[in-house]
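Before any comments, here is the structure.
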Amino acid sequence: MSVFDLQGGCVDLGGREVLHDVSVRVDEGEFVAVLGANGSGKTTLVRTLVGLVPLRRGSLTVFDVPLARFRQWPRLGYVPQRLQAGGGVPCTVREVVASGRTGRGSRFRRMGRDDWAAVDHALEDVGMADRARRAVTDLSGGQQQRVLIARALAGEPEVLVLDEPTAGVDADSQDTLAGALGHLSQAGGSVVLVAHELGPLQGLIRRAVVVSEGRIVSDGPPPEPEGHHADPTHVHTHAHESAAPPARPTLRIT
Amino acid sequence: MLAFAFVQRALVAAVLVGCAAPAIGTFLVQRRLSLMGDGIGHVALTGVALGFLLGTAPVLTAIVVAIAGAVAIELVREKGSTSGDVALALLFYGGIAGGVLLIGLSPGGSNATLVGYLFGSLSSVSPADLAVIVVLSVAVLGVVAVFGRELFAVCQDEEVARVQGLPVRFLNLLVAVTAAVTVTVAMRVVGLLLVSALMVVPVAAAQQLTRSFRSTLLLACGVGVLASVSGLVLAFYADVAPGASTVVLALGAFAVLSLLGRTRSPA
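Protein chains in written order, with this note's numbering: chain A, -9 to 244; chain B, 3 to 269.
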């Protein structure tokens, strides 16, 4: 069973085509990293998968249902790239995480015991249970990122899509994040994440999809760090089977 | 002062408006649209003048025009075009200019007629007005009670709400329409130019002390009721426009709570 199946996807942003004939399929239980340089289209790709960006051409199914007819949104979790979790009004960590349960069940139903249990579990998973009553704006950037991930986890999704969850996040938070995603993966969940640097996520990733200039240029096992590229923050991908022009034999993602 | 029937009506209106305006205002502040109420207020002025021109109740035409304006503002915002800011400005000034123009054209109307609508008027809440205010305030509070969780999710993060499968566009329009209704409800008590203050200042005051969204909303309603009721009393005895005294008192509450907040929080 596939989680996402995008075939021949073309996407326009601001009148310019930013994804050209992209096909990618993610199966249940997979842990996929979408890699690429800034402006390569990797964020647009994952936003397309969760239905935030419309396809100009091509087809997309989510859990084997065409996107237009897909209604089982609680099966999806999405963590956008955000620097801050707050708005113009103070919110506690628990309130933000609890909003991840909205949309499940009836509009007139209050948060029940199951809902709060899921919220507490998500908070524990990202190591924020002790700060549940704090205002999110009082937290560091890495901690706010953890809150956003907990919000998505609180919805108990079957697939979690994350846009640069490690960007600008301290080492502690990166480790916690890797732990939480590891739990989700072990429980049979699928993960699709956009990354610039893999860091502690390296060991979890089974498949890397590399995007360059709006095309997928490689799709397979993640690049092994070796030699002077052994630094886990440095992903160096050789675009062997790619359609990339010969003037760019390698893709350097730093 | 309670012996006067018009004062009793105004007080009931003040309590309802003082509670409803900050309730929807909290969601506007959350999504950083603090000035939206102000924009709707400007547009509603055209609606008031239109009522005078057509000889119908100004409150009704104000509601219709305010809702149309709020929906227009929301659609411009949703498009997210860079000219959205300018488009909003056009709408605001068009609202004020349209109001003054139409009132000039209407028989027996003058700018003085509009002043009561711009800054509120204690004596102008008729029994029919009060009925409209009661129904609409309850509707606004009902929207907040029923859709509160979904509105919070949308105002918190619109894209995540979309992936959660929430009816984001409907909820955004619901906020806009509810804000428009609130503006027209509050227009008799605080006036169109100051209505936005009653939606925003109590929220700003409350968040000096609070850490959660829920407590901010509740405290803001408390501050709003306190300010509008005491503002009305002040307006009665000092013979000033109730909108002005209400907003000045709300700003006073902001100052006091922000001092309290500073002494309370250790860092």
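Think of the CB as a built atom: it goes at the ideal place given N, C-alpha and C, for glycine as much as any other residue. Fair warning: this is a prediction, and the values are worked out from it, not measured in the lab.
Per-residue DSSP class, three states only, for residue i
i         : result
B:Asp87   : helix
A:Pro190  : helix
A:Cys0    : strand
A:Pro56   : strand
A:Ser202  : strand
A:Glu18   : coil
A:Ser180  : strand
B:Phe172  : helix
A:Ser(-8) : strand
A:Val69   : strand
B:Arg151  : helix
B:Asp159  : coil
B:Gly245  : helix
Test: residue i CB closer than 9 angstroms to a CB of chain A
i        : result
B:Phe22  : At residue 22 of chain B the sequence reads Ala, which differs from the Phe that was named. Not one chain A Cβ lies under 9 angstroms of B:Ala22.
B:Ile135 : no
B:Ser198 : no
B:Phe271 : The requested residue 271 of chain B is not part of the displayed model; chain B covers only 3 to 269.
B:Phe256 : no
B:Val205 : yes
B:Val148 : yes
B:Ser260 : no
is_contact[residue i, chain B] using C-beta, thresh 9 angstroms
i         : result
A:Glu85   : yes
A:Ser202  : no
A:Ala287  : No information on residue 287 of chain A is available, as it lies outside the stretch -9 to 244 that chain A covers here.
A:Met118  : no
A:Gly(-1) : no
A:Met(-9) : no
A:Val207  : no
A:Pro70   : yes
A:Val109  : no
A:Pro56   : no
A:Pro64   : yes
A:Val22   : no
A:Gly172  : no
A:Val16   : no
A:Val159  : no
A:Val151  : yes
Short Cβ contact (9 angstroms threshold) for residue i with residue j
i         : j        : result
A:Asp115  : A:His173 : yes
A:Val16   : A:Asp2   : no
A:Leu129  : A:Val83  : yes
B:Ala206  : B:Val31  : yes
A:Ser163  : A:Gln192 : no
B:Ala252  : B:Val185 : no
A:Leu25   : A:Val200 : yes
B:Thr180  : B:Val142 : yes
B:Arg213  : A:Arg123 : yes
A:His186  : A:Thr156 : yes
B:Leu194  : B:Tyr95  : no
B:Phe154  : B:Gly111 : no
A:Val184  : A:Glu154 : yes
A:Leu42   : B:Val156 : no
A:Ser180  : A:Glu148 : yes
A:Asp105  : A:Ala125 : no
B:Val136  : B:Ala23  : no
A:Gly(-2) : A:Arg47  : yes
B:Gly122  : B:Ala246 : yes
B:Leu93   : B:Val73  : no
B:Arg33   : A:Gly77  : yes
B:Ser217  : B:Ser36  : no
B:Phe29   : B:Val140 : no
B:Glu80   : A:Gly93  : no
A:Met(-9) : A:Phe60  : no
Residues that residue i contacts on chain A, provided the C-beta gap is smaller than 8 angstroms
i        : result
B:Ala155 : Ser89, Thr92 and Gly93
B:Glu152 : Thr92, Gly93 and Arg97
B:Thr28  : Val79
B:Gln158 : Gly77, Cys81, Val86 and Ser89
Neighbour list for residue i in chain B, Cβ cutoff strictly below 8 angstroms
i        : result
A:Leu42  : Glu161, Arg164 and Val165
A:Ala125 : Arg213 and Ser214
A:Arg61  : Gly167
A:Gly145 : Gln166
Residue i: contacting residues in chain A (beta-carbon distance under 9 angstroms)
i        : result
B:Arg34  : Gly77 and Gly78
B:Val31  : Gly77, Gly78 and Val79
B:Gln209 : Gly78, Val79 and Pro80
Chain-ordered chain A contacts of residue i [CB-CB under 7 angstroms]
i        : result
B:Thr218 : Val79 and Pro80
Please give the ranges of any beta strand (DSSP E) in the segment 80 to 168 of chain A, keeping only runs that are unbroken, at least 3 residues long and fully inside the region. Within the segment 80 to 168 of chain A, the complete beta strand (DSSP E) runs of at least 3 residues are 149 to 153.
In chain order, which alpha helix (DSSP H) runs of at least 4 residues are fully inside the segment 194 to 237 of chain B? Entirely contained in the segment 194 to 237 of chain B, the alpha helix (DSSP H) runs reaching 4 residues are, in chain order, 197 to 208.
Taking the runs of the alpha helix (DSSP H) that are 4 residues or longer, which of them lie wholly in the segment 48 to 121 of chain B? Here the runs fully enclosed are 60 to 81, 86 to 107 and 113 to 121.
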